[in-house]
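Per the working numbering, residue 1026 is the first one in the sequence shown, and the count goes up by one each step.
Built from N, CA and C at the ideal position, the CB exists for glycine as well.
Take a look at the structure set out below.
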Amino acid sequence: MALIAPSMLSANFLQLERDIEMINTSDADWFHLDVMDGRFVPNISFGLPVIAAMKKVAKKTLDVHLMIVEPEKYFEDFAKVGADILSVHYEACIHLHRSLQAIKALGMKAGVAINPHTPVTVLEDIIQDIDVVCMMSVNPGFGGQKFIPKTLKKITALKALIQAQGANTLIEIDGGVTVENAPAILQAGADILVAGNTVFSSAQPQATIRQLKQMGQ
Ligand code: DX5
Ligand code: ZN
């Protein structure tokens, strides 16, 4: 059964509590929270105080995607505000193994996000330590972009790498997921679908979430 993680980047920030309640009462599994620093990516989103506020009303797993340089400086802060899963970018971590151990030591699940140009083979010697690979299917920084088709082959390759090592790592696909391309993404081996624009631009977001969820059965 696939997990659905709506990205709150596309929520209405003036109605954040209403949108969180919408997710709480939907078939969604996680809240996907995109943190951007204007350095790792050319955009700035929201950070710790907003996540702390969301935690008070959110009733599902908080999946925090850090698109920031030197993420290790803030692991403790994200643990304190209630992140359940913390993903760092492969491209932002010089000592990835150390970072993953630090995240787990703080009681969170550890994720690694990879940019579209990063091959999955770089994860070969670290896959056993990763709870979730957040595979970017757009260039990170903005919601509402178009899915990069090459991602499908990367999903298949990552799935094979995970299985070859008997790892329990989940594959999360982030960027440009729609009701049209979701079946192919799941078919290729994805476990989690992030969806921002698809959910929040829908006239019936909960029905769209249900539709995505049912595809993964
Ligand atoms: C992009 C973010 C994504 C984004 C997904 O930098 O990591 O999570 O919000 O949004 P959509 O589904 O609209 O591509
Ligand atoms: Zn994301």
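Does N1206 pass the burial test, meaning 16 or more other C-beta atoms within 10 Å, or should it be called exposed? Translated into positions along the sequence shown, residue 1206 becomes position 181. N1206 is buried by the Cβ-count criterion.
Please classify D1156 as buried or exposed, where buried requires at least 16 other C-beta atoms within 10 Å of its C-beta. Within the sequence shown, numbered from 1, the residue matching residue 1156 stands at position 131. It is buried - the Cβ of D1156 has at least 16 other Cβ atoms within 10 Å.
Report yes if the C-beta of S1032 is less than 7 Å from at least one heavy atom of the ligand FMN; otherwise report no. No copy of the ligand FMN occurs in the structure displayed; its ligands are the ligand DX5 and the ligand ZN alone.
Assumed close pair L1237, I1093 - CB separation to whole angstroms, cut-off 8 Å: Position 212 of the sequence shown holds residue 1237. Position 68 of the sequence shown holds residue 1093. At roughly 28 Å, the Cβ-Cβ gap does not stay under 8 Å, so L1237 and I1093 are not in contact.
Shortest alpha-carbon distance to L1195 belongs to which of L1125, I1152, A1108, D1109? Within the sequence shown, residue 1195 is the residue found at index 170, counting from 1. Looking at the Cα atoms, I1152 is the closest of the given residues.
Under the criterion of a Cβ to heavy atom distance below 7 Å, does S1035 qualify as lining the ligand DX5? Mapped onto the sequence shown, residue 1035 falls at position 10. For the ligand DX5, at least one heavy atom lies less than 7 Å from the Cβ of S1035.
Pull the bridge partners of K1243 from the DSSP assignment, please. Shown here, the chain extends from 1026 to 1242; a query on residue 1243 therefore has no answer.
CB-CB under 8 Å to A1127, same chain, minus the five flanking residues each way: which ones, in chain order? Mapped onto the sequence shown, residue 1127 falls at position 102. Closer than 8 Å at Cβ, skipping near neighbours: E1097, F1100.
Can you tell me where the beta strand (DSSP E) holding P1031 begins and where it ends? One-based indexing of the sequence shown puts residue 1031 at position 6. That run of the beta strand (DSSP E) goes 1028-1031.
Jot down the residue ranges of each uninterrupted alpha helix (DSSP H) in the segment 1168-1198, minimum 4 residues, whole runs only, in chain order. 1176-1189
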